[in-house]
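Here the structure is laid out as structure tokens; the discussion comes afterwards.
Protein chains: 2
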Amino acid sequence: MSLLGIDLGGTKLSSAIFSEDGTLLLKETVALENRRGKEVGLLITDQIGKFLNSDKLSSNEVSSIGISVPGISHTESGTVWAPNIPGWDDYPLSEEVKSVCGSIPVSIDSDRACYMLGELWQGNARGCRNAVFLAVGTGIGAGILVNGEILRGSHDIAGAIGWMALNRPFDDKYISCGCFEYHASGDGVARAARDLLKEDKTYSGELKNKQIEGMSSYDVFSAFENGDYIAQKVIGISIEFWGMAVANLVSLFNPEKVIMGGGVFGPAVKLIPAVKKEAEKWAQPISIKQMEITASGLAGDAGVFGAGYLASKNKR
Amino acid sequence: MSLLGIDLGGTKLSSAIFSEDGTLLLKETVALENRRGKEVGLLITDQIGKFLNSDKLSSNEVSSIGISVPGISHTESGTVWAPNIPGWDDYPLSEEVKSVCGSIPVSIDSDRACYMLGELWQGNARGCRNAVFLAVGTGIGAGILVNGEILRGSHDIAGAIGWMALNRPFDDKYISCGCFEYHASGDGVARAARDLLKEDKTYSGELKNKQIEGMSSYDVFSAFENGDYIAQKVIGISIEFWGMAVANLVSLFNPEKVIMGGGVFGPAVKLIPAVKKEAEKWAQPISIKQMEITASGLAGDAGVFGAGYLASKNKR
Numbered sequence: 001m002s003l004l005g006i007d008l009g010g011t012k013l014s015s016a017i018f019s020e021d022g023t024l025l026l027k028e029t030v031a032l033e034n035r036r037g038k039e040v041g042l043l044i045t046d047q048i049g050k051f052l053n054s055d056k057l058s059s060n061e062v063s064s065i066g067i068s069v070p071g072i073s074h075t076e077s078g079t080v081w082a083p084n085i086p087g088w089d090d091y092p093l094s095e096e097v098k099s100v101c102g103s104i105p106v107s108i109d110s111d112r113a114c115y116m117l118g119e120l121w122q123g124n125a126r127g128c129r130n131a132v133f134l135a136v137g138t139g140i141g142a143g144i145l146v147n148g149e150i151l152r153g154s155h156d157i158a159g160a161i162g163w164m165a166l167n168r169p170f171d172d173k174y175i176s177c178g179c180f181e182y183h184a185s186g187d188g189v190a191r192a193a194r195d196l197l198k199e200d201k202t203y204s205g206e207l208k209n210k211q212i213e214g215m216s217s218y219d220v221f222s223a224f225e226n227g228d229y230i231a232q233k234v235i236g237i238s239i240e241f242w243g244m245a246v247a248n249l250v251s252l253f254n255p256e257k258v259i260m261g262g263g264v265f266g267p268a269v270k271l272i273p274a275v276k277k278e279a280e281k282w283a284q285p286i287s288i289k290q291m292e293i294t295a296s297g298l299a300g301d302a303g304v305f306g307a308g309y310l311a312s313k314n315k316r
Numbered sequence: 001m002s003l004l005g006i007d008l009g010g011t012k013l014s015s016a017i018f019s020e021d022g023t024l025l026l027k028e029t030v031a032l033e034n035r036r037g038k039e040v041g042l043l044i045t046d047q048i049g050k051f052l053n054s055d056k057l058s059s060n061e062v063s064s065i066g067i068s069v070p071g072i073s074h075t076e077s078g079t080v081w082a083p084n085i086p087g088w089d090d091y092p093l094s095e096e097v098k099s100v101c102g103s104i105p106v107s108i109d110s111d112r113a114c115y116m117l118g119e120l121w122q123g124n125a126r127g128c129r130n131a132v133f134l135a136v137g138t139g140i141g142a143g144i145l146v147n148g149e150i151l152r153g154s155h156d157i158a159g160a161i162g163w164m165a166l167n168r169p170f171d172d173k174y175i176s177c178g179c180f181e182y183h184a185s186g187d188g189v190a191r192a193a194r195d196l197l198k199e200d201k202t203y204s205g206e207l208k209n210k211q212i213e214g215m216s217s218y219d220v221f222s223a224f225e226n227g228d229y230i231a232q233k234v235i236g237i238s239i240e241f242w243g244m245a246v247a248n249l250v251s252l253f254n255p256e257k258v259i260m261g262g263g264v265f266g267p268a269v270k271l272i273p274a275v276k277k278e279a280e281k282w283a284q285p286i287s288i289k290q291m292e293i294t295a296s297g298l299a300g301d302a303g304v305f306g307a308g309y310l311a312s313k314n315k316r
């Protein structure tokens, strides 16, 4: 028997077959290519159909399916809110998937929960009971493991750490995405660099040649590596925010590990020692000594591994 | 059968007998009067002995004992760290209490956990599965309920919210107690007023008459009620910090309730609507609409009720 894990992102869909012990046997990724609403649902059910009927699996029938979604999975209604997929305000994904997979059980959870579960199963949180996956990408979210279980809260939206208040006083620019995400997400890093460039008339470094509105956080990390002073200033501020956020997770949750992941960690993975140093200033001093801060062990595959683990916990 | 709840504070010891359904039948409070180390342990075992042998309980034998301690209860070792009780760095309270109460089960937990449990049992969190008790007194801590259980973390020190980073950049004054506690505990409120008075040479209001070093947060709240401008400035900043902290609890935990308690709420209880207004600016916008922010329903008795509830969960 095998497990099917599906990771829906904002731009692509990854599907993978795992053995029950967590070995990745087969993986396929397809681009969403501007699909929206029901077209995305159809892509998922098509992929499931393909994997369930694959010759490659003849001796290895799928016993359970897990799905990671880029937003909120409402456990009671089975619907999904995914802000980056047009038409997925309250999408009936559970119902739709169940219609194509017969008696095979289906579990759905948010990407941040799945990242944490992936690390717990086959990554850098193996053996942990209390840990946090801090996902810093276009946005920021946290998958939080409390006593071996994902923290859900009263309405499945716990872990919305992008909204963490870290910089007083309040500014209207925080209204749409939250203070931490505004300053220290991938978008936030690029925005901070653009803002500094606008102010600095004498700057002639490598970021000047980028189309100002098209700059990405990757451009900033690349300039940082080359010693660019605008990039160094931006990254210095980001490290401060990341360190404060890690400190707050440590003081509140007393975890064994905080795992830094998402698209930004990635290129920012070398900055983890600096993030830890900043966190050490702020956090409960005993608690920070009891934990480790580390990079993701699965990188871009954390979501699909988490979906596989979801499947493994809900076998028929 | 009845339950014995004991609440050790920094200056006094409260003991109470509860019926199994949570009715307070009898309560007694004694001052610690500079007792330290083993003398405090002896006071606790004496009180337990007295209650176990009381004539008043002849038909109402104690079936379980719960104890709330002002610090950290290490569940595995049975020892207690209580920073305000000299000699209680790693005090063997569990062993000592068990030596006087025979086969009656004994449970020990931190005050912040007990405040939360008290509200869950007989206060304003009845029926909740996910809630937070934010205790603002001399220091600041949080008792956090996740899916019906107290959040403990990997080493029993979860909920150390006094260390929450809310005001960048880091300042060395945060080293001893944490940023949030520095600014917005009872001590923090009094300190902020003293600092403003030192700077303001023209001030002639009611706080001037207080011995500057002896001023308490109660003096500041009293001056605030009378419209004193120094007090209004101090309380305005405190509301900002309390609101940011509540927002961060809401975004991370998605709770049904946040309960404001401790000695400061207390006099600050009228400020809860202002704290909520500040929290609404910062928090995850859906999550903040799904929760209620409220005062403690048990005020100074939250700890002893929580100790009673601890007892009720661990009956022989």
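Chains as they are written, first to last, in this note's numbering: chain A, 1 to 316; chain B, 1 to 316. Quick reminder that beta carbons are idealized off the backbone N, C-alpha and C, glycines included.
Between the CA atoms of residue j and residue i - distance to the nearest angstrom
i, j, result
"valine 69 of chain B", "valine 304 of chain A", "44 Å"
"lysine 313 of chain A", "glutamate 20 of chain A", "10 Å"
"isoleucine 144 of chain B", "glutamate 33 of chain A", "43 Å"
"lysine 315 of chain B", "glycine 22 of chain B", "14 Å"
"glutamate 225 of chain A", "asparagine 248 of chain A", "28 Å"
"valine 97 of chain A", "isoleucine 140 of chain A", "28 Å"
"valine 80 of chain A", "isoleucine 157 of chain A", "12 Å"
"asparagine 333 of chain B", "alanine 16 of chain A", "Lying before the first or after the last residue shown, residue 333 of chain B is absent from chain B, which here runs from 1 to 316."
"glycine 153 of chain A", "threonine 202 of chain A", "50 Å"
"valine 220 of chain A", "proline 83 of chain A", "26 Å"
"leucine 24 of chain B", "threonine 11 of chain B", "22 Å"
"isoleucine 230 of chain A", "proline 169 of chain B", "19 Å"
"lysine 276 of chain B", "tryptophan 282 of chain B", "10 Å"
"alanine 31 of chain B", "methionine 260 of chain B", "25 Å"
"leucine 271 of chain B", "glycine 71 of chain A", "35 Å"
"isoleucine 85 of chain A", "leucine 207 of chain B", "57 Å"
"serine 251 of chain A", "isoleucine 288 of chain A", "8 Å"
"tyrosine 309 of chain A", "threonine 45 of chain A", "20 Å"
Under 9 Å by beta carbon: chain B residues contacting residue i
i, result
"tryptophan 242 of chain A", "The contacting residues do not exist; tryptophan 242 of chain A stays about 11 Å from chain B at best."
"serine 287 of chain A", "Gly153, Ser154, His155, Ile157, Ala158, Ala160 and Trp163"
"valine 234 of chain A", "Within 9 Å Cβ-Cβ: nothing; valine 234 of chain A doesn't reach chain B, min ~15 Å."
"asparagine 167 of chain A", "Leu166, Asn167 and Arg168"
Residue i CB to nearest heavy atom of the ligand SAH below 6 Å
i, result
"arginine 194 of chain A", "For the structure depicted, the ligand SAH is absent and the ligand set is empty, with no information on it obtainable."
C-beta contact flag for residue i and residue j at 7 Å
i, j, result
"arginine 126 of chain B", "asparagine 147 of chain B", "no"
"isoleucine 65 of chain B", "alanine 268 of chain B", "no"
"phenylalanine 180 of chain B", "glycine 159 of chain B", "no"
"glycine 243 of chain B", "alanine 279 of chain B", "yes"
"aspartate 109 of chain B", "serine 77 of chain B", "no"
"glycine 87 of chain B", "glycine 37 of chain B", "yes"
"valine 62 of chain A", "serine 2 of chain A", "yes"
"valine 246 of chain A", "valine 258 of chain A", "yes"
"leucine 4 of chain B", "phenylalanine 51 of chain B", "yes"
"glycine 9 of chain B", "asparagine 124 of chain B", "no"
"alanine 274 of chain B", "isoleucine 237 of chain B", "no"
"cysteine 114 of chain B", "alanine 299 of chain B", "no"
"valine 100 of chain B", "glycine 49 of chain B", "yes"
"glutamate 149 of chain B", "phenylalanine 133 of chain B", "no"
"glutamate 256 of chain A", "alanine 131 of chain A", "yes"
Beta-carbon neighbours of residue i, restricted to chain B and to distances below 8 Å
i, result
"cysteine 179 of chain A", "Trp282"
"valine 136 of chain A", "Neighbours of valine 136 of chain A on chain B: none; closest Cβ ~16 Å, over 8 Å."
"arginine 129 of chain A", "Ser154"
"serine 15 of chain A", "None at all; the shortest Cβ gap to chain B is about 30 Å."
"leucine 26 of chain A", "Going along chain B, no residue has its Cβ under 8 Å from leucine 26 of chain A, so there is no contact; the nearest lies around 35 Å."
Under 7 Å from the C-beta of residue i: neighbouring residues of chain B
i, result
"phenylalanine 170 of chain A", "Lys281 and Trp282"
"valine 146 of chain A", "Val146 and Leu151"
Under 7 Å by beta carbon: chain A residues contacting residue i
i, result
"leucine 93 of chain B", "Neighbours of leucine 93 of chain B on chain A: none; closest Cβ ~19 Å, over 7 Å."
"asparagine 84 of chain B", "None at all; the shortest Cβ gap to chain A is about 16 Å."
"proline 255 of chain B", "Gly153 and Ser154"
Proximal residues of chain A, C-beta to C-beta of residue i below 9 Å
i, result
"asparagine 124 of chain B", "What asparagine 124 of chain B touches in chain A: nothing, since even the nearest Cβ is about 15 Å away."
"leucine 271 of chain B", "Simply none; closest approach about 17 Å."
- [ ] Kindly provide the ranges of any beta strand (DSSP E) runs that are 3 or more residues long and lie completely inside the segment 230-259 of chain A, ordered along the chain.
- [x] Listed in chain order, there is nothing to give.
Task: Uninterrupted beta strand (DSSP E) stretches inside the segment 14-64 of chain B (no shorter than 3 residues) - done: Counting only runs of 3 or more, we get 24-31.
Open item on the list: Three Cβ pairs or more, each shorter than 8 Å: is that satisfied between the segment 177-191 of chain A and the segment 244-264 of chain A?
Closed with: These segments touch.
TODO: Only counting runs of 3 or more residues, tell me where the beta strand (DSSP E) segments fall wholly within the segment 97-132 of chain B, in order along the chain.
DONE: Assignment of beta strand (DSSP E) within the segment 97-132 of chain B, counting only whole runs of 3 or more residues, yields 106-110 in chain order.
- [ ] Would you list, in sequence order, the uninterrupted beta strand (DSSP E) runs of no fewer than 3 residues that lie entirely inside the segment 256-301 of chain A?
- [x] Segments of the beta strand (DSSP E) lying fully in the segment 256-301 of chain A: 257-261 and 292-295.
- [ ] Go through the segment 168-232 of chain B residue by residue and report every complete run of the alpha helix (DSSP H) that reaches 4 residues or more, in order.
- [x] Taking only runs of at least 4 residues, the alpha helix (DSSP H) segments lying wholly in the segment 168-232 of chain B are 179-184, 186-199 and 217-225.
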